[in-house]
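Participant:
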Amino acid sequence: MGPLRAQGDVRMSPSPRSGAMNLIDQVHAHADRMPDKPFLVHWQDGRYVVQTFGDLRDAAMRVGAALSLPADGSTSDIVLLFLKHHPLQVPAYLGVMMAGLVPSFMSFPTPKQQPELYWQAHAALIRRIRPRAIVAYDAIFEPLLPLAEEVGARLVAIDRIADGDVDCPRVDRDDGHTALLQHSSGTTGLKKGVALTFSQIRIQAEAYAPVIGLSEQSVVVSWLPLYHDMGLFTALLIPLTVGATVVVMDAFEWVGKPELLFQLIERFRGTHCWLPNFAFQHLVNTVPADGSARYRLDSMRLFTSCSEPVKHVTLDAFADAFADRGVRPEQLAACYAMAETGFAVSHSPAGRRAPVRWYDADLLASRGRAVAAVPDRPGSRPLVSNGPALSGADVRILPLETHADRSDAGGDGPGIRVGEIAVRGAFVFAGYHNDPSATEAAFASDWYRTGDVGFIDDGEIFISGRIKDIIIVHGRNYYAHDIEEIVSHESGVLPGRSVAIGVPNAQTGSEDVVILAETRVEGDDTQRTLKRTIKQSIFSRLELTVHSVVLVSPGWLTKTSSGKISRSENLARYRADRDATARG
Amino acid sequence: MNTEREAIRRVIAQTFAVDLDAVPDAAGAEDVDGWDSLSHTVLMIRLQNAFKIRIPESLAADAANVGDLITGIEGLVTSTHGAQAS
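This is how it looks when you write it as structure tokens:
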């Protein structure tokens, strides 16, 4: 491939500082200077416990001491943490770092996942990583024990991990040492581990915190799981770096009691909250906006929408629904982020509503050109600005010529050229853990290719699509081919004759996954059983609830000229059929 | 036809934007398009508002199918408002 042309440089990147404090140094510094200041308020089932910075350090050091014991033959320095919402979840993670090891939060099996399918998928990951230790809760020891023994990993119970000595030997880590692994999307066994160094975490925090006004006085309120990059950085690493307080609740508790978020914001005078677009919509859909409003949200400085496409209508609906509680448009911000850059690449300026601009929808889709259009008119598409790139991030727009099958891969014309967003800078990761081929594919020279399609207009980043066949559901990324692989193995589905497509859902503010699968199975009951099996199988392996499975007859799915089943054409056909049915 | 059961079924069908016959008693969540943990919460809130009841977490989480859920809601309506309420 020849050199990639680029346009739209936004920022120059600083270089890492030598002698700067890493995250663990920060824990010690905060604990020395403000031992009684709350760092973590852990909310669960109507009760909460507070951990001060002093408590945090003590608990983390106990974990560090426990994990510093000699490894049983393992040469790995990775520790996997399969943990539910737990008061020791954060100290355990930091304790792993204190022991000079590399932590990685993993998702855990939910009650509705079939355990054998969940563990089958995760066994492949554990065998590949061969961690030095696994930290888990008692209920999952039974399936984990044989796996841990097989790979020579210690299995450590979270409930007993901090019972020992506080005297953790201090392990000094260089700024460039790997601090953590963050597992990206992908079939569990093939998940890529994003390796981030201490300096990348620090530089991310130092670049991001001033933009959002996050300081020691700030209070982050969050239900985001820590195995997700947004949760890890916004509810742990960045607040910890600046000495802020975080109030955390269980994601599952929040889904069932959405108003709990507002309750905790009022109670603890929250200032910052990050949510995927769907969560804004879920609050609008479930929390009464009328006179029953009880919780005030005036203390909030920012509600930031991130991790899935930011919808203009959702932000408006949220502002309208909760204006009486103290929500103001200027609290609503947008952020562009990904695990490969630690977290944020850009953020809309604090203190004003994330701006929306309107573009000609047809020129965006068919010509790859961003041309300003009249707001609120048919044919105009609103896009919410993700703001300028953070200090330390260079952002470029790479041409899409190599994607000749894309309708927006054009070039010449009016307005701004749309292309693939690429990022370079001191907080961009260096590569995937032990995966040189994935690393090579992810970079063009030293630019990380995000797979997102967008453009830079007047210095602000706009996202208009994506190259990767990723479907973003409730802020989590799923590869369409991973889903299709699972469907293809179901008895009754014609091998290779299924497609997973993402369909926007205005009601939920997210995308729905719809499976179109060819089958020769007939009869209502048999087809119902097949649909149910496909849904259960996907949920157990990927923790993804598929919206619907549509069974079609052999030959229904459309192929491209190269013989591949076309997701875009089949999506168009599915929508046309659905709309025709709806019209009756 | 038990009108209260059908009224509950109507709220379920409306929540998932499907026809009444798409939510028979035997249907589980995976048989109904779009029934996930988030939409389940929306459904519980709609049922609470429609029938002026409080749904305990045990019923919200444990109902195995539409029939179980309807029976549980019916019982709550009766215990909250008396046998004649609907």
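As they're listed, the protein sequences go chains A and B. Numbering-wise (full-length UniProt numbering), the first sequence opens with residue 1 and increments by one. Numbering-wise (full-length UniProt numbering), the second sequence opens with residue 1 and increments by one. Every residue, glycine too, gets a C-beta built ideally from N, C-alpha and C. Bear in mind that the values here come from a model prediction, so they are computed numbers and not experimental data.
Tell me the residue span of the alpha helix (DSSP H) that contains Pro91/A.
Facilitator: Where Pro91/A is concerned, the enclosing alpha helix (DSSP H) stretches over Gln89 to Met98.
Participant: CA-CA distance, Asp163/A and Arg62/A?
Facilitator: Cα to Cα, Asp163/A sits roughly 7 Å from Arg62/A.
Participant: Could I get the ranges of all uninterrupted beta strand (DSSP E) runs contained in the stretch 284-346 of chain A, with 3 residues as the minimum, in chain order?
Facilitator: DSSP runs (the beta strand (DSSP E)) wholly in the stretch 284-346 of chain A: 302-305 and 332-337.
Participant: Can you tell me whether DSSP reads residue 587/A as helix, strand or coil?
Facilitator: Residue 587/A is absent from the structure shown; chain A starts at 1 and stops at 584.
Participant: Looking at chain B, is there any beta carbon in it that lies within less than 7 Å of the beta carbon of Val255/A?
Facilitator: For Val255/A, the answer is yes, since a Cβ of chain B falls inside 7 Å of its Cβ.
Participant: Exposed or buried, what is Phe51/B when buried is set at 16 or more other beta-carbons lying within 10 Å of its beta-carbon?
Facilitator: Phe51/B comes out buried.
Participant: With 7 Å as the limit, tell me which residues of the stretch 24-39 of chain B have their beta carbon closer than that to any beta carbon of chain A; keep them in chain order.
Facilitator: Those residues of the stretch 24-39 of chain B that come within reach of chain A (Cβ to Cβ, closer than 7 Å) are Glu30, Asp31, Asp33, Gly34, Asp36, Ser37 and Leu38.
Participant: For the ligand PLP, is there a heavy atom less than 6 Å away from the beta-carbon of Val41/A?
Facilitator: This structure does not include the ligand PLP; it has no bound ligands of any sort.
Participant: Residues of the stretch 49-76 of chain B with a CB closer than 9 Å to any CB of chain A: list them in chain order, please.
Facilitator: Under the 9 Å Cβ criterion, the stretch 49-76 of chain B contributes Asn49, Glu57, Ala60 and Ala61.
Participant: Do the CB positions of Ile515/A and Ala500/A come within less than 7 Å of each other?
Facilitator: Cβ atoms of Ile515/A and Ala500/A: closer than 7 Å.
Participant: Would the stretch 421-429 of chain A count as touching the stretch 385-393 of chain A if we require 3 or more Cβ pairs under 8 Å?
Facilitator: Yes, since at least three Cβ pairs between the stretch 421-429 of chain A and the stretch 385-393 of chain A fall closer than 8 Å, the two stretches touch.
Participant: Would DSSP call Tyr574/A helix, strand or coil?
Facilitator: Residue state, collapsed to three classes: helix.
Participant: Relative to the alpha-carbon of Gln120/A, which residue among Phe82/A, Pro111/A and Pro143/A has its alpha-carbon at the smallest distance?
Facilitator: Closest option to Gln120/A, Cα to Cα, is Pro143/A.
Participant: According to DSSP, is Tyr448/A helix, strand or coil?
Facilitator: In the structure shown, Tyr448/A sits in a strand (DSSP, three-state: E or B).
Participant: Which residues in the same chain as Val493/A place their Cβ atom closer than 8 Å to its Cβ, once the five residues preceding and following it in sequence are excluded?
Facilitator: Only Val487, Ala517, Glu518, Thr519, Leu530 and Ile534 meet the Cβ criterion.
Participant: To the nearest angstrom, how far is it from the Cα of Gly67/B to the Cα of Val248/A?
Facilitator: Near 36 Å, if we compare the C-alpha coordinates of Val248/A and Gly67/B.
Participant: Leaving aside the five residues before and after Asp45/A along the sequence, list all residues of the same chain whose C-beta is less than 8 Å from its C-beta, in chain order.
Facilitator: Within the same chain, Asp45/A has close Cβ partners Glu253.
Participant: Which residue comes first and which comes last in the beta strand (DSSP E) that contains Gly419/A?
Facilitator: Gly419 to Gly425 is the extent of the beta strand (DSSP E) around Gly419/A.
Participant: Helix or strand or just coil, what does DSSP make of Met1/A?
Facilitator: Note that Met1/A scores 32 on pLDDT, short of 50, meaning its location in the model is unreliable; the coordinates nonetheless yield the value given after this. Three-state result, Met1/A: coil.
Participant: In this structure, how does DSSP classify Trp254/A when only helix, strand and coil are distinguished?
Facilitator: Residue state, collapsed to three classes: helix.
Participant: For the beta strand (DSSP E) holding Arg132/A, just list the boundary residues, first then last.
Facilitator: Where Arg132/A is concerned, there is no enclosing beta strand (DSSP E), given that its DSSP letter is neither H nor E.
Participant: Starting from Gly193/A, trace the beta strand (DSSP E) in both directions and tell me its first and last residue.
Facilitator: Residues Gly193 to Thr197.
Participant: May I ask you to report which of helix, strand or coil DSSP gives Phe477/A?
Facilitator: The sequence given here has Asn at residue 477/A, not Phe. In the structure shown, Asn477/A sits in a strand (DSSP, three-state: E or B).
Participant: Does chain A have any CB closer than 7 Å to the CB of Ile12/B?
Facilitator: No, Ile12/B lies away from the interface with chain A (no Cβ there is under 7 Å from its Cβ).
Participant: Could you name the residues that DSSP lists as bridge partners for Glu57/B?
Facilitator: The partner list for Glu57/B (beta bridge, DSSP) is empty, contrary to what the question assumes.
Participant: Report yes or no: do three or more beta-carbon pairs, one from the stretch 125-136 of chain A and one from the stretch 71-89 of chain A, lie closer than 8 Å?
Facilitator: Touching, per the Cβ criterion.
Participant: Going by the DSSP bridge assignment, what does Met44/A pair with across the sheet?
Facilitator: One point to set straight first is that residue 44/A is Gln, not Met, in the sequence displayed. Partner(s): Arg47/A.
Participant: Just the chain B side, please: which residues come within less than 7 Å of Asn277/A by C-beta, in chain order?
Facilitator: By Cβ distance, chain B contributes nothing, its closest Cβ being about 12 Å from Asn277/A, past 7 Å.
Participant: Check whether the stretch 476-484 of chain A and the stretch 455-466 of chain A touch, using three or more Cβ-Cβ pairs below 8 Å as the test.
Facilitator: No, because fewer than three Cβ pairs between the stretch 476-484 of chain A and the stretch 455-466 of chain A fall closer than 8 Å, the two stretches do not touch.
Participant: Less than 7 Å between CB atoms is the rule here; does Val42/B satisfy it with respect to chain A?
Facilitator: Judged by the 7 Å Cβ criterion, Val42/B is in contact with chain A.
Participant: Which of the three DSSP states is assigned to Gly112/A in this structure?
Facilitator: The question names Gly, but residue 112/A is Lys in the sequence shown. It is coil, neither helix nor strand.
Participant: Under 8 Å: do the stretch 198-212 of chain A and the stretch 334-346 of chain A share three or more Cβ pairs, one atom per stretch?
Facilitator: Because the criterion of three Cβ pairs below 8 Å is met, the stretch 198-212 of chain A and the stretch 334-346 of chain A touch.
Participant: Which residues in chain B have a C-beta closer than 7 Å to the C-beta of His282/A? List them in chain order.
Facilitator: Chain B residues near His282/A: Leu38.
Participant: Going by C-alpha distance, which of Thr241/A, His86/A and Leu297/A is nearest Tyr137/A?
Facilitator: Selected option, being the one with the closest Cα: His86/A.
Participant: With a threshold of 7 Å between beta carbons, is Arg396/A in contact with chain B?
Facilitator: With 7 Å as the cut-off, Arg396/A does not count as an interface residue toward chain B.
Participant: Let me check understanding here. Comparing Cα to Cα, which of Ser37/B, Thr80/B, Leu69/B and Asp36/B lies closest to Val11/B?
Facilitator: Checked all of Ser37/B, Thr80/B, Leu69/B and Asp36/B; the closest Cα to Val11/B is Leu69/B.
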